[in-house]
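Peer 1: Going by this note's numbering, the first residue of the sequence shown is number 5, and it counts up by one from there.
No residue lacks a Cβ here, since even glycine has one placed at the ideal position from N, Cα and C.
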Amino acid sequence: MVLGVNIDHIAVLREARKVNSPNLIDALSLVERGGGDQITIHLREDRRHIVDSDLEAIINFSVLPVNLELSVNSEIINLASQIRPHRATIVPEKRAEVTTEGGLDLKNNFDVIREKIEILKNNDIEVSLFIDPNVESIELSKKLNADWIELHTGTFANLYLMLNSNLSRTDHSIDELKKFSRKELEQKLDRACRDLEESAILGNSLGLKVAGGHGLNYQNIKLFNNIAKRSHIREVNIGQSIVARSIFVGLEKAVREMRELLI
Ligand code: PXP
Numbered sequence: 005m006v007l008g009v010n011i012d013h014i015a016v017l018r019e020a021r022k023v024n025s026p027n028l029i030d031a032l033s034l035v036e037r038g039g040g041d042q043i044t045i046h047l048r049e050d051r052r053h054i055v056d057s058d059l060e061a062i063i064n065f066s067v068l069p070v071n072l073e074l075s076v077n078s079e080i081i082n083l084a085s086q087i088r089p090h091r092a093t094i095v096p097e098k099r100a101e102v103t104t105e106g107g108l109d110l111k112n113n114f115d116v117i118r119e120k121i122e123i124l125k126n127n128d129i130e131v132s133l134f135i136d137p138n139v140e141s142i143e144l145s146k147k148l149n150a151d152w153i154e155l156h157t158g159t160f161a162n163l164y165l166m167l168n169s170n171l172s173r174t175d176h177s178i179d180e181l182k183k184f185s186r187k188e189l190e191q192k193l194d195r196a197c198r199d200l201e202e203s204a205i206l207g208n209s210l211g212l213k214v215a216g217g218h219g220l221n222y223q224n225i226k227l228f229n230n231i232a233k234r235s236h237i238r239e240v241n242i243g244q245s246i247v248a249r250s251i252f253v254g255l256e257k258a259v260r261e262m263r264e265l266l267i
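(1) Ignoring anything shorter than 4 residues, give me the alpha helix (DSSP H) runs that lie fully in the stretch 190–261, in order along the chain.
(2) Is Ala20 buried or exposed, if buried means 16 or more other CB atoms sit within 10 Å of its CB?
(3) In chain order, what residues of the same chain lie with their CB nearer than 7 Å to the CB of Lys125, ignoring the 5 residues before and after it?
(4) Residues bridged to Asn24 by DSSP?
(5) Between which two residues does the alpha helix (DSSP H) holding Thr44 run?
(6) Quick check: what's the CA-CA separation for Phe184 versus Tyr164?
(7) I need the straight-line Cα distance from Glu140 to Val23, nearest angstrom please.
(8) Does the ligand PXP have even one heavy atom less than 6 Å from the beta-carbon of Val95?
(9) What three-state label does DSSP hand Ile153 in the structure shown?
(10) Where do the ends of the beta strand (DSSP E) carrying Glu19 lie?
(11) To the nearest angstrom, how far is the alpha carbon of Ile121 from that of Phe160?
(12) Quick one: measure Cβ to Cβ for Val259 and Val9, integer angstroms, because I've assumed they're closer than 8 Å.
(13) Quick check: the Cα distance between Val95 and Leu28, rounded to an integer number of angstroms?
(14) Closest to Ser235 by C-alpha separation, out of Ile246, Gly217, Gly207, Gln223, would be which residue?
(15) Using the Cβ count rule (16 or more neighbours within 10 Å means buried), how would you classify Ala232?
(16) With a threshold of 16 other CB atoms inside 10 Å of the CB of Lys213, please say whether the residue is buried or exposed.
(17) List the endpoints of the continuous alpha helix (DSSP H) containing Ile81.
(18) Closest to Met166 by C-alpha separation, out of Ile63, Ile153, Ser145, Glu188, would be which residue?
(19) Answer with buried or exposed for Ser271, where buried requires no fewer than 16 other C-beta atoms within 10 angstroms of its C-beta.
(20) Answer yes if the stretch 190–199 comes into contact with the stretch 217–225, meaning at least three C-beta pairs across the two stretches below 8 Å, and no otherwise.
(21) Mind checking Asn241: buried by the 16 CB within 10 Å criterion, or exposed?
(22) For Ala84 versus Ile54, is the C-beta spacing smaller than 7 Å?
(23) In three-state DSSP terms, what is Gly158?
(24) Exposed or buried, what is Gln191 when buried is set at 16 or more other beta-carbons lying within 10 Å of its beta-carbon?
(25) Should Ala248 be labelled buried (16 or more other beta-carbon atoms within 10 Å of its own) or exposed?
(26) From this set, Thr93, Glu97, Asp30, Thr44, which residue's C-alpha is nearest Glu256's C-alpha?
(27) Assign Asn230 to buried or exposed, taking buried as 16 or more other Cβ atoms, counted over all protein chains shown, within 10 Å of its Cβ.
(28) The ligand PXP and His46: does any heavy atom of the ligand fall closer than 6 Å to the residue's C-beta?
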């Protein structure tokens, strides 16, 4: 599987002090040496981590293809069209969220997303849509002429976490799961795995290339591999868990450890 490493969280640490350390450009070669295949970054409307100058520098210096996550914000779409990353992944964006909380609502934003996809594709940028794993989103992605879909693995990851960790701090999305019994959580995880698998199979059958991402880590990736093997998910984009581990073992090793776990 292709490993896209999302380096936003390195920029989060930098922005905590507004200095140039840790330097994102130094991260590029370490990701490559660790066996990463792609650099993924999210230029958010609020510029809370990656900023415009990062985007330009990363595109110029990365030997790996760059996958830019972005919203349908016109200014950012125009910027992407000028700077031309290898791929643009359109994601939903809400100002108050800690991280991307769900897939795109393609039905209610069909026209605006279609217009933005056209602009990006006219500039030779391949387009991916970050969607929840369900039939409607996949069929709409096809109608929208996307090249890729990235299946949101957040539900899978949250359920896995509930069942396999002693949670000391939880986010809101996990809090909602607390009312369920262990058996119900197991059934839900089973359903989430099947949703991912069936969605990937459908996506592939429609000619869409299929990736997955969000909340994947060194523990749940083993179960995710099984899903990916059965349904031909060809890429993952992983950020928080790799950057968190890199604080203790270094970025190159953190990437290599994930690389070795992936099919
Ligand atoms: N893929 C997409 C589309 C995302 O928005 C994110 C989070 O920025 C990721 C992958 C990586 O998620 P995580 O940091 O939880 O590994």
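Peer 2: In short:
(1) 225–235, 244–253
(2) exposed
(3) Val131
(4) DSSP, once it has assigned bridges, lists no residue as partnering Asn24.
(5) First-last for Thr44: 42–46, but that is the beta strand (DSSP E), not the alpha helix (DSSP H).
(6) 13 Å
(7) 44 Å
(8) yes
(9) strand
(10) From DSSP, Glu19 is part of no beta strand (DSSP E) but of the alpha helix (DSSP H) over 12–19.
(11) 28 Å
(12) 6 Å
(13) 22 Å
(14) Gly207
(15) buried
(16) buried
(17) 78–87
(18) Glu188
(19) Summary: the structure shown does not reach residue 271, with the chain confined to residues 5 through 267, and so no result is reported for it.
(20) no
(21) buried
(22) no
(23) helix
(24) exposed
(25) exposed
(26) Asp30
(27) exposed
(28) yes
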